[in-house]
Every structure is written in structure tokens, then in C-alpha cells.
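Residue numbers (this note's numbering): 18 to 236.
All C-beta atoms, glycine included, are put in the ideal place defined by N, C-alpha and C.
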Ligand code: BG6
Ligand code: MG
């Protein structure tokens, strides 16, 4: 029985993926690395420092910077990103998401945030949806990022619900892998067909409690 839905944030609840990309692109171009939308798929769901490593490896220059310089770069990216998100309003909730929260709550299904973003709680407040969440995983306390299952397992543990009764919703390849590794039912938004999400939708407007219930039952 479906007892909890564990949400990724960026690209699932709101389209902050575009702001992350904008901030990384700016930082990368300052050191001569050019990033495109396709490359951005590799950064989705990945922590701040791991994203920086992927970018610097891509530019073949990871070792040219000291650990301290890399810390500073990540801080710079986060500063730029925070400038971009400070004006977010509830209008930026993706289609269908608010209704899904209301329906889940009204049906006694628990709601958790399983996002790698340290800015998650701030964004939930800006979107005025923080009160829907029964629990929020603190990514700073995790040892392993997605695709490791730790974040989704921690969310289930914080809720006191068995993994088999949880649904995870993700827009990234790393995230779908993480949900599957946690033994959960994986819903993918706009993810490639070949990564095997249990339910694939093109838009969040297709995410209804009815579709989650019916597909989950047929698993
Ligand atoms: C994930 C995003 O949700 O959070 C990644 O998909 C991002 O792109 C990661 O790097 C960490 O976010 P933040 O806000 O802590 O830098
Ligand atoms: Mg995401």
C-alpha cells in the first residue's frame, strides 16, 4: 500500500533546475568552460561539490585548483543561485503539484522532501508549501549523494515507513537510480525511457493521486 510520497525538489516541485544551470554556466564560462543544456542533465540531482567536480573534470582542469579555491567557486555559484531564487513565489510551483500535496494530505499519505539541495527549506518557504511536509531530509547529514539510496532511505526512516510503501518522484537519472536502489517505486518526470522509471510522465500535470494509486497497486 502506498503510504508516503518522497519528493525531489529541483525540477519536480519547481523549475529551479534552470537557475542551477544558469549559475553553473556563468561560473564555468569565467574559467573558459562552455556548458550546454545536454551537459546539464549530468548535474541534475548531484550535490554542489560533486557538480563542480563534474564541470572541472569536463574542462580537464580539476587539479589546477586547490581545495580552498574549489570551495570558493562553489560558494560563488551558490551566491549567484541564491540571487536567482530570492524572488520565487508560489506561482512557480509546477503544474498539478499543489493539488497533489492537498490530495495526499487529505488521504493520509505522508509527504517528504528528499532533495540534495541545502537551499531546499528556504525554497519550500518561498513557495509557501512547507506546511505540507511531514519531514525534510537534511542533505548536510548524508554521507552519500544520489545515485546512492541514502537520501530516500533516510526520508522513509524519518517517516517510520517501510521503503516498499514509498513512492519517490524525480526528474534526474541519478535520482531514479537512487529511488530504485532504495527499493521504492520510482516516478520519473521527463527522464529517458531506458533508465526504467516505474511510471514516466512528461509533465507534472500528469501527476495525480489517482495515477499514483493505480500504478502503485499494479507494481
Ligand atoms: C539538486 C539539484 O536538487 O540539488 C542539483 O538538482 C544541485 O543541481 C543540488 O547541485 C545541490 O543544491 P544546492 O542548492 O545545495 O547547491
Ligand atoms: Mg531534481
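Flag residue 49 as yes when its Cβ comes closer than 7 angstroms to any non-hydrogen atom of the ligand NAD, and as no otherwise. Although the ligand NAD was asked about, the structure shown includes only the ligand BG6 and the ligand MG as ligands.
Which partner residues of residue 24 appear in the DSSP bridge assignment? Mapped onto the chain shown, residue 24 falls at position 7. Its beta-bridge partners are 130 and 186.
Taking the continuous alpha helix (DSSP H) assigned at residue 119, which residues delimit it? As a working mapping, residue 119 is identified with position 102 in the chain shown. 114-123 is the extent of the alpha helix (DSSP H) around residue 119.
Does residue 209 pass the burial test, meaning 16 or more other C-beta atoms within 10 Å, or should it be called exposed? As a working mapping, residue 209 is identified with position 192 in the chain shown. By the 10 Å Cβ count, residue 209 comes out exposed.
Can you give me the Cβ contacts of residue 232 inside the same chain, cut-off strictly under 6 angstroms, excluding the 5 residues immediately before and after it? Looking up residue 232 in the chain shown gives position 215. Excluding residues within five positions, the ones whose Cβ falls inside 6 angstroms are 216.
Beta strand (DSSP E) runs wholly inside the stretch 63-90, at least 3 long, in chain order: Those beta strand (DSSP E) runs which fall completely within the stretch 63-90 and span 3+ residues do not exist here.
Any chance the stretch 158-171 sits against the stretch 193-203, with 3 or more Cβ pairs inside 8 angstroms? yes
May I have all residues whose beta carbon comes closer than 7 angstroms to any heavy atom of the ligand BG6, sorted in chain order? 25, 26, 27, 28, 34, 37, 60, 61, 62, 63, 64, 65, 68, 95, 98, 132, 133, 134, 135, 136, 156 and 189
Would residue 221 be called buried (16 or more neighbouring beta carbons within 10 Å of its own) or exposed? One-based indexing of the chain shown puts residue 221 at position 204. Its Cβ being crowded by 16 or more others within 10 Å, residue 221 is buried.
By the DSSP assignment, the beta strand (DSSP E) with residue 199 in it spans what residues? Looking up residue 199 in the chain shown gives position 182. Careful: residue 199 lies outside any beta strand (DSSP E) and carries neither H nor E.
Using C-beta distances below 6 angstroms, list every residue in its chain close to residue 60, excluding the 5 sequence neighbours before and after it, in chain order. Position 43 of the chain shown, counted from the first residue, corresponds to residue 60. Hits under 6 angstroms: 68.
Beta-carbon proximity list for residue 73, same chain, < 6 angstroms, skipping 5 on both sides: As a working mapping, residue 73 is identified with position 56 in the chain shown. Hits under 6 angstroms: 79.
Rounded to whole angstroms, how far is the Cβ of residue 39 from the Cβ of residue 101, which I believe are closer than 8 angstroms? Counted from its first residue, the chain shown places residue 39 at position 22. Counted from its first residue, the chain shown places residue 101 at position 84. That pair is a contact at about 6 angstroms.
Take residue 29 as the anchor and find which of 44, 194, 144 and 206 has the nearest alpha-carbon. Counting from 1 along the chain shown, the entry for residue 29 is found at position 12. For residue 29, the nearest C-alpha among the options comes from 206.
Cutoff 7 angstroms; reference residue 178; Cβ partners in own chain excluding five residues on either side: Your numbering for residue 178 matches position 161 in the chain shown. Cβ within range, chain order: 20, 21 and 127.
Where does residue 221 sit, in a helix, a strand or coil, going by DSSP? As a working mapping, residue 221 is identified with position 204 in the chain shown. Residue state, collapsed to three classes: helix.
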